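Have a look at the structure below before the remarks.
Numbering (our numbering), first residue to last: 4 to 124.
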């Protein structure tokens with residue numbers, strides 16, 4: 004859904020200006036001189052942040068723990084599980100992560116005239 008909406012707008016945007024507008028401070032250092040968005044050199048780009056988590060159990064009765072994360076998993080009722088209150092499932096975590104990425108990208112896209120700043124749903 005997001006990519007169908009975003010892709011046409013990105014094709015219309017200057018491919019050289021896009022990485023700088025989104026916030027890559029030293030974009031020229033990591034992008035080839037005959038620039039195209041797909042030419043971003045990930046091997047040379049700096050690591051900004053690393054996150055790790057340890058998961059035990061499975062999606063029906065598991066637990067994930069990280070530096071700032073403690074979450075228990077349960078299978079949703081719709082998929083035949085118990086759907087225990089206060090627990091989540093991988094699908095909800097993925098949806099939340101995707102929405103957070105979209106929400107973080109939205110102000111940058113607004114700054115270069117693509118779409119408007121709104122909450123991802």
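Just so you know, even glycine gets a beta-carbon here, dropped at the ideal spot from N, CA and C. Since we're looking at a predicted model, the values are computed, not measured.
Which value, in whole angstroms, describes the spacing of the CA atoms of residue 64 and residue 46? Their backbone Cα atoms lie some 37 Å apart in a straight line.
Going by the DSSP bridge assignment, what does residue 98 pair with across the sheet? None, per the DSSP bridge assignment.
Nearest candidate by alpha-carbon position, reference residue 85, set 117, 77, 49: In terms of Cα proximity to residue 85, the closest of 117, 77, 49 is 77.
Sequence-distant residues of the same chain with beta carbon closer than 7 Å to residue 90, five excluded per side: Its chain contains 75, 76, 77 as the residues whose beta carbon lies nearer than 7 Å to that of residue 90, once the 5 sequence neighbours on both sides are disregarded; these appear in chain order.
Is it buried or exposed for residue 35, if we count other Cβ within 10 angstroms and need 16 for buried? Note on residue 35: pLDDT 49, under 50, position unreliable in the model; no value is reported.
Can you name, in chain order, every residue of its own chain whose Cβ lies under 7 Å from the Cβ of residue 69, other than the five neighbours on each side? 54, 55, 56, listed in sequence order.
To the nearest angstrom, how far is it from the Cα of residue 52 to the Cα of residue 109? Using only the alpha carbons, I get a separation of about 21 Å.
Note the first and the last residue of the continuous beta strand (DSSP E) segment covering residue 57. Element bounds for residue 57: 56-59.
Distance, residue 100 Cα to residue 61 Cα: Looking at the backbone, the Cα of residue 61 and that of residue 100 are separated by about 19 Å.
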